[in-house]
Structures are given as C-alpha cells and as structure tokens.
Amino acid sequence: EKFLLTEALLRCENPDVEIFPMNKPGLELSVSRHQTVSYVWQLKCNSSEVTDLRLVYSVLYGSRLDVSQTTHKLSYGFSISDFQTLYTVKVDVKPEGDSKDCRVGSGANLTLRVIRSPGCNLKTPVFYKIEDKPEVWAVTGNSSGLLDIAAGKCEISLTVIPLVPGLVHVPKVTLFRPSKDMLKKSEDNRKSGSPDDISPDQEGPVQQGFPRGQVYYASSAKQVRILQTSSKINAKRS
Numbered sequence: 609e610k611f612l613l614t615e616a617l618l619r620c621e622n623p624d625v626e627i628f629p630m631n632k633p634g635l636e637l638s639v640s641r642h643q644t645v646s647y648v649w650q651l652k653c654n655s656s657e658v659t660d661l662r663l664v665y666s667v668l669y670g671s672r673l674d675v676s677q678t679t680h681k682l683s684y685g686f687s688i689s690d691f692q693t694l695y696t697v698k699v700d701v702k703p704e705g706d707s708k709d710c711r712v713g714s715g716a717n718l719t720l721r722v723i724r725s726p727g728c729n730l731k732t733p734v735f736y737k738i739e740d741k742p743e744v745w746a747v748t749g750n751s752s753g754l755l756d757i758a759a760g761k762c763e764i765s766l767t768v769i770p771l772v773p774g775l776v777h778v779p780k781v782t783l784f785r786p787s788k789d790m791l792k793k794s795e796d797n798r799k800s801g802s803p804d805d806i807s808p809d810q811e812g813p814v815q816q817g818f819p820r821g822q823v824y825y826a827s828s829a830k831q832v833r834i835l836q837t838s839s840k841i842n843a844k845r846s
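When you number the sequence shown by my numbering, it's gap-free, plus one each residue, and the end is 846.
Below, the structure written as structure tokens:
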C-alpha cells in the first residue's frame, strides 16, 4: 500500500529561532509502509540563551487506495537540547620543510585549530585527544592536553609520522570538557613550572564528552595523500 505525503512543516515555539526548509517547495512523496523518508530544515538561533528547542512537526498523508481521497494530518511535538554548536575543530596535515608531499616514515606537521562559536560565552579550557591509531599515524609530543580558548580560538602544532601509503584520513581529534581536578592539576603545574602532562588515562574522571552537535569536526572527512618512500624507513611511536 502506498501513501502520499505532502505539506511537511516544522514549527518552533521558541522566540529568536528561525527555521528554513531545505526541501523542495511543494514536495510530494509516495512511499510504502516499510519505507523511511527524511525532511530537512535549517535552524538559525539568534540568541545564545536558548538551550532547548520546542518544536512541532506536521505532515499530511493519504492513501491512493482510499476512494474518498481523504487527507489526514499527523502532528506531534518534541524538544531538542544542546543543539547549538559551541566549537569548530579543524585538523590539517602538511609535509615538513620544503617537501611537497607527505611520505611514509617522514615527519609531517599537524595543525589543530579550535574556534569558539560567536555567542558562546564559555571561556574555560577544553581538553583535546588525538585518537590512538598506531597502525596509521605515529604522534610525537602530547597527543592530548588542555587548550586555552579564552581569546576565542587556539592553534597548536604537532609532528606526526604517516606509517602507510595512500589516501589516509587525518588523525581524529576529539574535544572534551575537563574536570575540576584536571583544571586544578593544570593550574598547579603552571605555577610550579612543571610540564602540563595531563593524560586522559590518569586515575579518576578527567573529562566529559560534549553532547552530539555541540562540536563541529570540520575535518572528519579530510584525507591526505601519503607517498611510499624509496627506501624502507622504520618509524617508531614516541
């Protein structure tokens, strides 16, 4: 049995929030009962104070087998929390020196940029962690640590060594909220002049993940071409 879906609408009950339909105007979908369809809307929030969205979705549906051609309306309300993007994370990998290409076993420069979104008032540091994938990348230096984004953005550079040739995804970086204990330890290290060697593996809860959508990982699909070296080079993870 086929159903015809028309006039899909999404309404927001919050002030300072605009909704823009990304679907084709007048879109009509003919679907069976076992099919799944999706509609897309873009949200624009004009205030950082909005933390929860109250939304109402509705769509008209009818069956082609219905002799009376009666149209029914489905409507339901729901809410979304933690929907605003707080940070954007960008990762870039380029060969060191004058080389034009990254090569297996040779050092490359990884640049990590974290940008705080306009309207986000959070000024506490964030914790970054580079995913451990030793069969693809060797990371020298601190693969995790705190980033100070009080100025609105932060950029750090690390040396990474590609271990396999081909098109390889750049190392995955994840942001976390640092715990109070982590922030205290970092401050104590700064005052004493000790290295800030905070590790996510230390005892106790040291960080908390951000809800989905609060961090935009702009480089999650980015790849870099790695060429094979002419001679065998053994790269060890430091």
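Each residue gets a CB set at the ideal place from its N, CA and C atoms; glycine is no exception.
Asked	Found
Exposure of Ile688, with buried meaning 16 or more beta-carbon neighbours within 10 Å	exposed
C-beta atoms of Ser640 and Glu621 nearer than 8 angstroms	no
Residues near Ser827 by beta carbon distance below 6 angstroms, same chain, minus five either side	Lys698, Val699 and Val778
The beta strand (DSSP E) enclosing Gly753, as first and last residue numbers	Ser752 to Leu755
Separation of Asn750 from Glu739, as counted between CA atoms	12 angstroms
Sub-8 angstroms separation of Gly713 and Glu704 beta-carbons	no
CA-to-CA distance, Gln822 to Pro786, given in whole angstroms	15 angstroms
Proximity of Glu763 and Thr732 at Cβ, strictly below 8 angstroms	no
DSSP bridge partner residues for Pro770 (one or two, in chain order)	Trp745
Inter-stretch contact at 8 angstroms, needing at least 3 Cβ pairs: the region 645-654 / the region 669-682	no
Under the three-state DSSP convention, the category Lys830 falls into	coil
Residue of Phe818, Thr693 and Tyr824 minimising C-alpha distance to Gly727	Thr693
Residue from Pro770, Pro629 and Ser725 whose Cα sits closest to the Cα of Gln831	Pro770
Range of the contiguous beta strand (DSSP E) that encloses Arg641	Premise fails: Arg641 is in no beta strand (DSSP E) and is neither H nor E.
Supposed contact pair Val667 and Tyr736 - C-beta distance, whole angstroms, cut 8 angstroms	Going by Cβ atoms, the distance from Tyr736 to Val667 rounds to 42 angstroms, so no, they are not a contact pair.
Bridge-paired residues (DSSP) for Val865	Outside the shown range of the chain, which is 609 to 846, sits residue 865, and nothing can be said about it.
Backbone secondary structure at Glu795 - three-state DSSP	helix
Buried or exposed by the 16-neighbour rule on C-beta atoms within 10 Å, applied to Gly812	Confidence at Gly812 is low in this model, with a pLDDT of 48, below 50, so its placement is unreliable and the value that follows should be read with caution. When all chains shown are included, Gly812 counts as exposed.
Exposure label - Arg673; buried when at least 16 CB within 10 Å	A small fix is needed here, since residue 673 is Leu in this sequence, not Arg. Exposed, by the Cβ-count rule.
Bridge partners - Arg672, DSSP secondary structure assignment	Answer is none; Arg672 lacks a bridge partner.
Residues that Cys762 bridges to, as DSSP identifies them	Val722
C-alpha gap between Cys710 and Thr837, whole angstroms	10 angstroms
Span of the beta strand (DSSP E), counted from its first residue to its last, around Thr821	Rather than Thr, the amino acid found at residue 821 in this sequence is Gly. Unbroken run through Gly821: none, as it is neither H nor E.
Length of the line joining the Cα atoms of His642 and Ser683	20 angstroms
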